[in-house]
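Mind the numbering: the sequence shown is residues 1 to 623 in our numbering, read in order.
Idealized CB from N, CA, C, for every residue including glycine.
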Amino acid sequence: MSKEKTKEMNKRGARIGHGPAGPMGRGFDKPKNFRGTFIKLLNYLKPYYLQLALVIILAIGSTIFVIIGPRILGKATTGIFEGLVEKVSGVPGGGIDFGYIGNIILILIVIYLLSTLFSLIQGFVIAGVAQKISYNLRREISLKINRLPLKYFDTVSHGDVLSRVTNDVDTISQSLSQSTSQIITSLTTFIGVLIMMFSISWQMTIAALLILPISMILVMSVVKRSQVYFVAHQKSLGDVNGHIEEVYGGHNIMKAFNAEDAVIKEFTKINNELYDSAWKSQFLSGMMMPIMVFIGNLGYVAVSILGGWLAVRKVIEVGDILAFIQYIRSFTQPVTQVAQISNILQSTIAAAERVFEFLDEKEEIEDTSSPVKLNNIQGRVTFENVRFGYKEDNIIIKNFSADIKPGQKVAIVGPTGAGKTTIVKLLMRFYDLNGGRILVDSHDVVDFTRKDLRDMFGMVLQDTWLFSGSIMENIRYGRPDATDEEVIEAAKAAHAHWFISTLPDGYNFIINEEASNISQGQKQLITIARAILSNPKILILDEATSSVDTRTEILIKKAMDNLMRGKTAFIIAHRLSTIKDADLILVMKDGDIVESGKHKELLDKGGFYASMYYSQFTRTAAS
Numbered sequence: 001m002s003k004e005k006t007k008e009m010n011k012r013g014a015r016i017g018h019g020p021a022g023p024m025g026r027g028f029d030k031p032k033n034f035r036g037t038f039i040k041l042l043n044y045l046k047p048y049y050l051q052l053a054l055v056i057i058l059a060i061g062s063t064i065f066v067i068i069g070p071r072i073l074g075k076a077t078t079g080i081f082e083g084l085v086e087k088v089s090g091v092p093g094g095g096i097d098f099g100y101i102g103n104i105i106l107i108l109i110v111i112y113l114l115s116t117l118f119s120l121i122q123g124f125v126i127a128g129v130a131q132k133i134s135y136n137l138r139r140e141i142s143l144k145i146n147r148l149p150l151k152y153f154d155t156v157s158h159g160d161v162l163s164r165v166t167n168d169v170d171t172i173s174q175s176l177s178q179s180t181s182q183i184i185t186s187l188t189t190f191i192g193v194l195i196m197m198f199s200i201s202w203q204m205t206i207a208a209l210l211i212l213p214i215s216m217i218l219v220m221s222v223v224k225r226s227q228v229y230f231v232a233h234q235k236s237l238g239d240v241n242g243h244i245e246e247v248y249g250g251h252n253i254m255k256a257f258n259a260e261d262a263v264i265k266e267f268t269k270i271n272n273e274l275y276d277s278a279w280k281s282q283f284l285s286g287m288m289m290p291i292m293v294f295i296g297n298l299g300y301v302a303v304s305i306l307g308g309w310l311a312v313r314k315v316i317e318v319g320d321i322l323a324f325i326q327y328i329r330s331f332t333q334p335v336t337q338v339a340q341i342s343n344i345l346q347s348t349i350a351a352a353e354r355v356f357e358f359l360d361e362k363e364e365i366e367d368t369s370s371p372v373k374l375n376n377i378q379g380r381v382t383f384e385n386v387r388f389g390y391k392e393d394n395i396i397i398k399n400f401s402a403d404i405k406p407g408q409k410v411a412i413v414g415p416t417g418a419g420k421t422t423i424v425k426l427l428m429r430f431y432d433l434n435g436g437r438i439l440v441d442s443h444d445v446v447d448f449t450r451k452d453l454r455d456m457f458g459m460v461l462q463d464t465w466l467f468s469g470s471i472m473e474n475i476r477y478g479r480p481d482a483t484d485e486e487v488i489e490a491a492k493a494a495h496a497h498w499f500i501s502t503l504p505d506g507y508n509f510i511i512n513e514e515a516s517n518i519s520q521g522q523k524q525l526i527t528i529a530r531a532i533l534s535n536p537k538i539l540i541l542d543e544a545t546s547s548v549d550t551r552t553e554i555l556i557k558k559a560m561d562n563l564m565r566g567k568t569a570f571i572i573a574h575r576l577s578t579i580k581d582a583d584l585i586l587v588m589k590d591g592d593i594v595e596s597g598k599h600k601e602l603l604d605k606g607g608f609y610a611s612m613y614y615s616q617f618t619r620t621a622a623s
């Protein structure tokens with residue numbers, strides 16, 4: 001992977017991760033088609049419309065109860081104030097009406113309890129909906145992965161697919177569980193509080209609203225200035241992550257070339273850039289709260305003075321001033337949440353867009369509705385004028401024809417890029433042809449289901465694949481119903497039994513996630529044992545012995561000879577000395593068969609195969 005690509009991927013990862021950027025200015029991916037994706041998301045939520053409607057009703061109800069609370073509390077304050085005034089003034093029978101105050105307190109307790117109950121039910125419902133959506137999206141993505149053609153994964157990185165399954169789905173889930181109620185609450189609070197403020201005093205409301213544009217202008221100016229530094233911060237964070245990954249991924253190489261000073265110098269440079277952008281973005285982001293508090297305090301002062309004047313003139317009551325101040329505090333909160341909600345919404349739609357793009361990808365051609373079923377597989381394979389290219393305008397297999405008889409051991413050789421591995425992939429229908437046909441026992445491969453077709457084959461690839469688990473489980477992967485004795489016999493046939501017996505716990509030895517606790521050659525032996533256990537009718541060996549030493553290679557070759565007896569076998573090899581005894585050698589160059597025959601015949605021809613063989617022999621002798 002190039003340095004530029006690594007850095008770009010890390011930048012993407014930094015945006016997704018938990019960086020220090022605050023909610024008002026954090027970096028996020030903007031959707032390409034906001035409206036279209038938003039409609040898609042709404043359609044996806046159709047099964048949950050009833051629950052979401054309940055959430056909206058509960059959120060509105062909870063907010064309304066909170067909104068009317070200060071007004072009722074203001075009545076209590078007015079009652080206490082007027083009672084005290086009457087008491088001080090010596091009004092006969094005057095004083096605080098504790099019965100009235102008690103009733104108000106009981107009403108407030110009921111209101112706030114209902115508000116809390118509504119909030120709890122709302123949170124329970126929306127959390128359930130969010131998790132169901134996450135579950136369904138991940139399930140659909142998982143099923144989609146198995147329906148996508150392999151060429152999709154040739155153009156898209158595994159990290160990108162993983163990001164859609166994890167980060168993007170999590171973003172949607174969190175936004176639904178948090179932002180939905182926040183948006184509803186903010187809108188309800190804004191409208192409700194505004195109505196309550198006007199019901200108390202239109203003069204005080206106008207005074208409060210005049211302060212609002214000032215705060216918005218100041219906040220947006222800070223956001224605009226800080227956004228530049230947040231962008232720079234994300235870039236610098238990606239550079240630091242990329243640099244560290246590169247250095248520690250190739251730590252030995254760096255030490256070998258005495259590049260420590262250069263690495264430290266480069267790290268210091270990008271670390272300083274990260275420090276500079278980080279503190280500036282954090283400082284500017286942190287300024288917003290003091291600004292809002294300052295503007296809010298100015299509003300409180302203005303409202304208090306105006307409210308006092310109106311109270312003296314008997315236009316409003318004293319308790320109304322207290323209620324109004326509380327409403328101002330509630331009124332400014334939705335305003336400060338606007339930028340947050342906007343960012344969150346943009347990020348959510350962008351995440352949904354990536355998920356839906358993946359789910360809308362073109363799938364593999366469906367299996368035939370009337371598939372062929374072979375009870376007795378012979379193993380004859382025929383290639384008829386096969387044409388294929390990973391891209392329509394770049395055909396790499398131009399006119400490949402061959403007739404492989406049952407039980408033949410066929411070697412496919414040629415220089416790198418000749419199309420050897422591609423032929424095997426086409427045989428197992430990992431890709432569909434651009435032209436021609438591939439037949440198994442005189443039946444076109446498209447007439448089989450992919451599962452039935454691939455059940456006919458056993459594969460041992462150059463790139464081994466083992467999963468975290470015991471060696472016994474990894475070998476049994478070839479045939480899940482195999483007994484322990486059968487697994488051990490397969491390991492013996494692959495000459496893996498000896499080294500397995502030397503490991504702690506033997507066949508119960510646990511291979512770690514990276515399979516780094518056994519050697520590359522041992523990994524290959526285990527995969528060969530897996531293929532032997534599956535006992536397929538057709539074998540594919542793609543550089544199966546490339547990762548083992550010469551002695552082990554000889555032993556494996558003997559085991560393979562016994563295994564391949566009576567079976568059709570395709571052997572892809574670079575070391576031509578390993579395929580001398582093949583029944584048929586197909587020599588490929590630039591996507592075509594240029595020579596075919598047995599080893600001695602091809603050497604006697606003195607053509608392309610002979611030149612390849614003698615060049616390898618010369619290099620081996622020289623070394």
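Between the segment 120-135 and the segment 52-67 there are three or more C-beta pairs closer than 8 Å, enough to call the two in contact. Under the DSSP assignment, Ile571 falls in the beta strand (DSSP E) whose first and last residues are 568-572.
Every unbroken stretch of the alpha helix (DSSP H) spanning 4 or more residues and falling wholly within the segment 360-431 is given here in chain order: 420-427. When the five nearest sequence neighbours on each side are left out, the beta carbons in the same chain lying within less than 8 Å of the beta carbon of Ile579 are those of Ala411, Val413, Ile571, Ala573, Ile585, His599, in order along the chain. Taken through DSSP and simplified to helix, strand or coil, Asp592 comes out as strand. Going by DSSP, Phe283 is part of no beta strand (DSSP E) but of the alpha helix (DSSP H) stretching over 260-312. The residue among Arg479, Ile475, Glu486, Arg147 with its C-alpha nearest the C-alpha of Ile511 is Ile475. Nearest to Val381 by alpha-carbon distance, out of Ile316, Lys420, Val424, is Val424.
Assignment of Val587 by DSSP, reduced to helix, strand and coil, places it in the strand class.
In the three-state reduction of the DSSP assignment, Val165 falls in the helix class, which pools H, G and I. Between Gln182 and Ile344, the alpha-carbon positions lie close to 11 Å from each other. Around the Cβ of Val312, a 10 Å sphere holds fewer than 16 other Cβ atoms; the residue is exposed.
In this chain, Leu602 is not harboured by any beta strand (DSSP E); it is covered by the alpha helix (DSSP H) spanning 599-605. Under the three-pair Cβ rule at 8 Å, the segment 397-409 counts as touching the segment 423-442. Put simply, of Ile396, Lys151, Glu489, Leu209 the residue whose alpha carbon is nearest the alpha carbon of Lys589 is Ile396.
In the assembly as shown, Ser199 is an exposed residue. Its beta-carbon has fewer than 16 other beta-carbons within 10 Å.
Going by beta carbons, Ser277 and Ser304 fall outside the 8 Å limit.
In the structure shown, Val460 adopts extended strand secondary structure according to DSSP, grouped into three states.
Taking the Cα of Phe388 as reference, the smallest distance to any Cα among Asn434, Arg354, His251 is reached at Asn434. Judged by DSSP in its simplified three-state form, Ser175 adopts helix. Ala494 sits away from Ile518, with the two beta carbons spaced by 8 Å or more.
Less than 8 Å separates the beta-carbon of Val318 from that of Thr77. The criterion of a C-beta distance shorter than 8 Å is not satisfied by Gly419 and Ile538. Spatial neighbours of Leu218 in its own chain (CB-CB distance under 8 Å, excluding positions within 5 residues in sequence) are listed in chain order as Ile291, Ile295. Judged by pairs of C-beta atoms under 8 Å, the segment 436-446 does not touch the segment 355-362, as fewer than three such pairs exist.
Within the DSSP bridge table, the entry for Leu439 names Thr382, Asp444 as partners. Here DSSP, grouped into helix, strand and coil, assigns Ser468 to coil.
In terms of Cβ geometry, His243 and Ile264 do not form a close pair [threshold 8 Å].
Following the DSSP letters along the chain, one finds Asp542 in no alpha helix (DSSP H) but inside the beta strand (DSSP E) bounded by residues 538-542. Here the alpha carbons of Lys523 and Ile488 stand approximately 16 Å from one another. In the displayed model, Ile316 falls within coil according to three-state DSSP, outside both helix and strand.
Around the beta carbon of His233, a 10 Å sphere encloses 16 or more other beta carbons of the protein chains shown; the residue is thus reported as buried. Rounded to whole angstroms, the separation of the alpha carbons of Ser470 and Leu150 is 29 Å. According to the DSSP assignment, Thr483 belongs to no alpha helix (DSSP H), since it is labelled neither H nor E. Here Gly307 is buried: its Cβ has 16 or more other Cβ atoms, across all protein chains shown, within 10 Å.
In the structure shown, Ile96 falls within a coil segment according to DSSP collapsed to helix, strand and coil.
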